[in-house]
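First comes the structure, then the notes that go with it.
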Amino acid sequence: MAGTSHRLCFSCGLINVNHARVASDLLENDILKRNYDLVCINEPYFYQNTIGGCPKGYLQIAFNLEPRVAIIIKSTLNFIKIEVERDMAVLSVIWNDMEYIIVNIYCSPSENLDSQILKLETICNRFPNHRIIIMGDFNAKSSAWSPRPTDERGKSVLEFVNKMDLFIENNGDSLATYSSEKGESWIDLTITKNIEGNLVDNWCVHSEITGSDHRLITFTLCGKRTNQSKNRLAWKIENMKLLEFKIEISRLVREFKGKSLNQGNLDLMLRYFCEKLYRVCGKCIKKGNEKMGITLYGGRINWKWTVVKFER
């Protein structure tokens, strides 16, 4: 599909509309209002071979029989369909001369998660050096991305993330992605691979009414990035916006304070903390300054751990 793809920011969304027509109508208005480039829908409203929530100027990508995922994408964007199944849709999208593998997946709570994880592993192995963004309702819980304890499905997701060297973009301090009379859960995830820490911006769970029991998640890819130099960079703390830095660090500490550490998740938690600390640094550095007192390689924080002590 030919089109233009040179923009400063690429706006993405994710929501499970739970097959609701009202939720689809609200989403369609929101897509136009916020000018989203791409929205992943789980459990879409499907009627007369059409996905609800697809406004004029956009294309719908979905399986042709009772799909449980759909992707709404601007018709002006360059993209290629890689796989389109009932529970998973995969696109190759070109933005700012870079290829992104966009994966939309739905993991039913009543079905085994292993088969879906295997599909995702296949995609990651097929595109080992590509920038990958995975969005979907995993129906899995974990203290790694929420205030809730980790269940068996959450363990499976964490094992997959660790095995494939992925990063979960969710903010543990966010609103619950699922909210109903039954309770609240953080089960809708945004997972990335091979994407620089400062490229994904403004990840947010919105509080507005959606007509569904799930909330809308949005984020942006901002600015054209090139491969980071492998030379060591040393940024200085005096070049930071200190007040903003203090606020962001306090928020980061609160996020990780309540998380339980054990031998099974320690490496993953440390990697998450390093990733998020790097993003805080990139967000709070003064304009025109590029150095701070943290050693960076290839855009990632590298820590040398000798002894790690923790209490259960």
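To convert, note that position 24 of the sequence shown is 24 in full-length UniProt numbering; the numbers rise steadily by one, no gaps.
Think of the CB as a built atom: it goes at the ideal place given N, C-alpha and C, for glycine as much as any other residue.
{"Item": "Could you check whether Val-205 and Glu-169 sit closer than 8 Å to each other, using their CB atoms as the reference points?", "Value": "no"}
{"Item": "Which word fits Val-157, buried or exposed, when buried means at least 16 other C-beta atoms lie within 10 angstroms of its C-beta?", "Value": "buried"}
{"Item": "Can you give me the C-alpha to C-alpha distance between Leu-14 and Arg-215, rounded to a whole angstrom?", "Value": "9 Å"}
{"Item": "Could you tell me which of Ser-11, Cys-54, Glu-244 sits nearest to Arg-34, measuring between CA atoms?", "Value": "Ser-11"}
{"Item": "Would Ile-94 and Phe-127 be called neighbours here (beta carbons separated by less than 8 Å)?", "Value": "no"}
{"Item": "Using a 10 Å radius around the Cβ and a threshold of 16 neighbouring Cβ atoms, would you call Gln-116 buried or exposed?", "Value": "buried"}
{"Item": "Answer yes or no: do Ile-71 and Cys-107 have a C-beta to C-beta separation smaller than 8 Å?", "Value": "no"}
{"Item": "In the region 16 to 85, which residue ranges form an unbroken beta strand (DSSP E) of at least 3 residues, counting only runs that do not cross its ends?", "Value": "38 to 42, 58 to 62, 69 to 74, 78 to 84"}
{"Item": "Ordered along the chain, which non-local residues of its own chain (more than five positions away) have a Cβ less than 6 Å from that of Ile-191?", "Value": "Ile-134, Leu-166, Ile-168"}
{"Item": "So for Ile-258, helix, strand or coil by DSSP?", "Value": "Residue 258 is actually Gly in this sequence, not Ile. Three-state DSSP puts Gly-258 in coil, outside helix and strand."}
{"Item": "Identify which residue in Cys-9, Leu-26, His-19 has its Cα closest to the Cα of Ile-209.", "Value": "Leu-26"}
{"Item": "Would you tell me roughly how many angstroms separate the C-alpha atoms of Ser-207 and Leu-221, rounded to the nearest one?", "Value": "21 Å"}
{"Item": "Would the beta-carbon of Arg-279 fall within 8 Å of that of Asn-171?", "Value": "no"}
{"Item": "For Cys-9, write down the residues that DSSP places opposite it in a beta bridge.", "Value": "Cys-222"}
{"Item": "Could you tell me the alpha carbon to alpha carbon distance between Arg-153 and Asp-30, rounded to whole angstroms?", "Value": "31 Å"}
{"Item": "Indicate whether Leu-268 and Ala-144 have their beta-carbon atoms separated by less than 8 Å.", "Value": "yes"}
{"Item": "Buried or exposed: where does Lys-56 fall if 16 or more other Cβ atoms within 10 Å of its Cβ makes it buried?", "Value": "exposed"}
{"Item": "On a CA-only basis, which of Gly-258, Met-88, Ser-212 is nearest Glu-181? Give me that one, please.", "Value": "Ser-212"}
{"Item": "Check this for me: beta carbons of Ser-92 and Glu-83, under 8 Å apart or not?", "Value": "no"}
{"Item": "Could you work out which residue in Gly-53, Leu-261, Phe-219 is closest to Asn-18 when comparing CA atoms only?", "Value": "Gly-53"}
{"Item": "Quick one: measure Cβ to Cβ for Ser-185 and Arg-148, integer angstroms, because I've assumed they're closer than 8 Å.", "Value": "7 Å"}
{"Item": "Going by beta carbon distance, what residues of the same chain come within less than 7 Å of Ala-20, once the five residues before and after it are set aside?", "Value": "Tyr-45, Gly-211, Ser-212"}
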